[in-house]
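Please read the structure below before turning to the comments.
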Amino acid sequence: MKAEDIRGIIAGQLGEKRSEANTQGVVLDESLVGPEQIQVIDRSGETDQVVDAWLVMIENPKGATDDEKGHRIVAKLDGSLFGLALAGLPEDSHLVCIGWYDNFKEALEAM
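Going left to right, the sequence shown walks through residues 75 to 185 as our numbering numbers them.
So this is what it looks like as structure tokens:
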């Protein structure tokens, strides 16, 4: 899938709610990015795996520095699942995906 395909999936799931804040005050219009292809460490299974994914959202509380930014939402390259990712341990070379969800809204609600 291409970046525009992933944007289309997210837009279809959100509808008119892009300008609303979720329960943690994240305004989607301000937090959606790219999508940009990155690698994440998938820790949802028995062993860690580095996988390619689309970075689609960065939780960015107002006034936060880069180090203070919170959860990220990533999508599998084929758009079939959305994951919740965050900075891992100091020795982790990539963001760490801690779980996969059936759609963007489920990942957002899991934050």
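Yeah, the Cβ is synthetic: ideal placement off N, Cα and C, and Gly gets one too.
Across the structure, ALA85 and VAL107 are spaced so that their CA atoms are roughly 13 Å apart. In terms of Cα proximity to ALA149, the closest of GLU104, GLU180, ASP166 and ASP103 is GLU180.
Per DSSP, the unbroken alpha helix (DSSP H) holding GLY86 starts and ends at 77–88. Excluding sequence positions up to five before and after LEU160, its CB lies within less than 8 Å of the CB of GLY144, HIS145, ARG146, LEU169, VAL170 and ILE172, all in the same chain and listed in chain order.
Of the other Cβ atoms in all chains shown, fewer than 16 fall within 10 Å of the Cβ of VAL124; this residue is therefore exposed.
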